[in-house]
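**Q** Residue numbers (the numbering used here): 2 to 308. Note that CB positions come from ideal geometry on N, CA and C, so glycine has one too. This is the structure I want to talk about, given as structure tokens.
So, in structure tokens, the structure goes:
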């Protein structure tokens with residue numbers, strides 16, 4: 002049972018933060034996909050800033066009576082507070098639920114998955130109850146803030162550049178703070194560092210790359226590309242499959258190889274920057290140009306409203 006609990010709770014980590022939003026963005030509802038990506042980027046950056054400020058060790062480190070699930074330990078090398086998995090669950094499941102708020106059964110499933118993720122992180126022994134509760138609170142506030150931004154942009158679409166500027170300034174301020182602050186350095190009996198501050202800084206650079214890549218691509222698409230999703234199901238499937246045939250090799254192989262000489266910090270930041278830039282603007286520019294060339298027929302449809 003613990004295996005099932007762990008793997009279900011782990012759905013919001015890794016590629017899901019890209020795959021589901023990209024599917025929505027390219028193929029279903031562009032604004033809903035952008036809303037999910039902005040929620041994910043904002044919540045993850047806020048979560049990482051709090052983590053690197055509080056510097057709280059994992060519960061199994063503070064209390065030897067807690068025995069964590071072995072499969073969860075490799076991904077629990079950083080600080081504990083607040084829970085990153087719970088934060089991701091709120092931003093991804095929560096934004097999907099708000100988009101589909103007229104379907105009560107979808108809301109029920111999304112709320113269950115959020116709560117289940119928080120419960121699971123406690124069950125496998127890598128988070129405490131405060132880690133999960135604060136993550137739920139903070140990420141819910143971020144989700145509400147992003148919702149307010151998108152409502153505002155529905156009536157003031159020309160103000161999108163302000164959102165981008167403010168988002169980039171706040172992200173840069175967080176990165177500078179987390180890079181310059183002091184961190185506790187404690188050692189295990191074998192002499193290795195309990196939590197390596199440099200790895201925690203790398204997470205901040207990674208989240209900065211996500212935010213900058215999304216914000217840059219989102220603005221470029223809104224101003225210059227302006228693609229639509231009202232195409233046939235067959236063409237939607239092709240969009241998605243071709244998109245990830247392009248994005249996944251770049252993300253998993255090409256970018257790590259090309260950017261590794263820049264070091265862990267800037268290499269990771271640029272990897273995620275280019276990945277989200279391609280998702281939001283690069284690939285849409287490519288398929289828009291191709292579809293215009295082969296003259297795929299589209300109906301005019303307002304995709305600006307999700308609330």
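1. Is residue 188 helix, strand or coil by DSSP?
2. In the DSSP assignment, find the alpha helix (DSSP H) that holds residue 207 and state where it starts and stops.
3. Leaving aside the five residues before and after residue 301 along the sequence, list all residues of the same chain whose C-beta is less than 6 Å from its C-beta, in chain order.
4. Can you tell me which of 39, 50, 70, 49 puts its alpha carbon nearest to the alpha carbon of residue 5?
5. Can at least three beta-carbon pairs, one atom from the region 41-61 and one from the region 217-230, be found at a separation below 8 Å?
6. Can you name the start and end residues of the alpha helix (DSSP H) that residue 284 belongs to?
7. In chain order, what are the residue ranges of uninterrupted alpha helix (DSSP H) at least 4 long that sit wholly in the region 44-80?
8. Comparing alpha-carbon positions, which option in 232, 188, 175, 93 lies nearest residue 108?
9. Expressed to the nearest angstrom, what Euclidean distance is found between the alpha-carbon atoms of residue 249 and residue 20?
10. Residue 27 lies in the alpha helix (DSSP H); which residues open and close that run?
11. Count the other CB atoms within 10 Å of the CB of residue 282; is the residue buried (16 or more) or exposed (fewer)?
12. Less than 8 Å separating the beta-carbons of residue 45 and residue 78?
13. Which of helix, strand or coil does DSSP assign to residue 9?
14. Excluding the 5 residues preceding and the 5 following residue 143 in the sequence, name in chain order all residues of the same chain whose CB lies nearer than 6 Å to its CB.
15. Out of 50, 16, 23, 110, state which residue places its alpha-carbon closest to the alpha-carbon of residue 198.
16. Identify the residues that DSSP records as bridge partners of residue 194: which are they?
17. Restricting to runs no shorter than 4 residues, where is the alpha helix (DSSP H) found entirely within the region 241-284?
18. What first and last residue would you give for the alpha helix (DSSP H) that runs through residue 141?
19. Measure from the alpha carbon of residue 76 to the alpha carbon of each residue in 201, 161, 263, then state which is nearest.
20. Can you tell me whether DSSP reads residue 180 as helix, strand or coil?
21. Report the residue ranges of all alpha helix (DSSP H) runs contained in full by the region 77-125; include only those spanning at least 4 residues, in chain order.
22. Would DSSP call residue 163 helix, strand or coil?
23. Measure the CB-CB distance between residue 125 and residue 73 and report whether it falls below 8 Å.
24. Relative to the alpha-carbon of residue 291, which residue among 240, 247, 271 has its alpha-carbon at the smallest distance?
25. Leaving aside the five residues before and after residue 160 along the sequence, list all residues of the same chain whose C-beta is less than 8 Å from its C-beta, in chain order.
26. Let me confirm a value: residue 268 is counted as buried when at least 16 other C-beta atoms fall within 10 Å, else exposed. Which label applies?
**A** Short version:
1. Here residue 188 sits in strand by DSSP.
2. First-last of the alpha helix (DSSP H) with residue 207: 198-221.
3. At residue 301, the pLDDT of 48 sits below 50, so the modelled position is not reliable; the number obtained from the coordinates is stated separately. So no residue of the chain qualifies.
4. When each option's Cα is compared against that of residue 5, the closest is 70.
5. Counting Cβ pairs under 8 Å, fewer than three are found: no touch.
6. 284-295 is the extent of the alpha helix (DSSP H) around residue 284.
7. Runs of the alpha helix (DSSP H) spanning 4 or more residues and lying entirely within the region 44-80 occur at 60-63, in chain order.
8. Out of 232, 188, 175, 93, 93 has the C-alpha closest to the C-alpha of residue 108.
9. Residue 249 and residue 20: Cα-Cα distance of roughly 10 Å.
10. Where residue 27 is concerned, there is no enclosing alpha helix (DSSP H), given that its DSSP letter is neither H nor E.
11. So residue 282 ends up on the buried side.
12. At a Cβ-Cβ threshold of 8 Å, residue 45 and residue 78 do not count as neighbours.
13. It is helical.
14. So the list reads 43, 44, 47, once near-sequence residues are dropped.
15. For the residues 50, 16, 23, 110, the minimum Cα distance to residue 198 belongs to 50.
16. Paired residues: 188.
17. The qualifying runs are 256-260, 264-278.
18. Residue range 130-156 is occupied by the alpha helix (DSSP H) that includes residue 141.
19. A check of alpha carbon separations from residue 76 across 201, 161, 263 identifies 201 as the nearest.
20. Correct three-state label for residue 180: helix.
21. Considered as a whole, the region 77-125 harbours 85-100, 105-124 as its complete alpha helix (DSSP H) runs of no fewer than 4 residues, in chain order.
22. Residue 163: helix per DSSP, three-state reduction.
23. In this structure, residue 73 lies closer than 8 Å to residue 125 by Cβ.
24. For the set 240, 247, 271, the Cα lying nearest the Cα of residue 291 is the one of 240.
25. Once the five neighbours on either side are set aside, the close Cβ partners of residue 160 are 153, 154.
26. Buried is the label assigned to residue 268, since at least 16 other Cβ atoms lie within 10 Å of its Cβ.
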